[in-house]
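Q: Here's a structure for you.
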Amino acid sequence: MANRGKRMTTAVPIVIVAGFALALFSPSPTPEWAVRKDILLSFHPVLAFEARVTEGTIKDDPRYGDLYHASGLEASFLYVKKSGYGWYVASRGTGP
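Positions 171 to 266 (our numbering) are the ones given, in order, by the sequence shown.
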């Protein structure tokens, strides 16, 4: 039984690190996933799942991309752009 406890204490950190690595290097198929991934990688794991992500009014800005708003964050305005691999957060801030 003690051997099982040792395996769990080593398996849990490995799974957490692997999850962050997967989130960091995998492309986001939708803009909402890109926003949630950015929230997760900014060390807000609970908000990454609970935040309400909505589209903003700015579309196809040549410099920043599309505006999205995530509730519950200090820097809740995020600009998302599409690359050849998927969506990514190009900029974030406290207002458009």
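Using N, Cα and C, we set each Cβ at its ideal position, and we do this for glycine too.
1. Distance, Cα to Cα, PHE190 vs SER261?
2. By how many angstroms is the C-alpha of PRO197 removed from the C-alpha of TYR255?
3. In whole angstroms, give me the CA-to-CA distance for ALA188 and LEU194.
4. In chain order, what are the residue ranges of uninterrupted beta strand (DSSP E) at least 3 long that sit wholly in the region 224 to 249?
5. Which of the three DSSP states, helix, strand or coil, is assigned to ALA260?
A: The relevant details are as follows:
1. 21 Å
2. 6 Å
3. 10 Å
4. 236 to 240
5. strand
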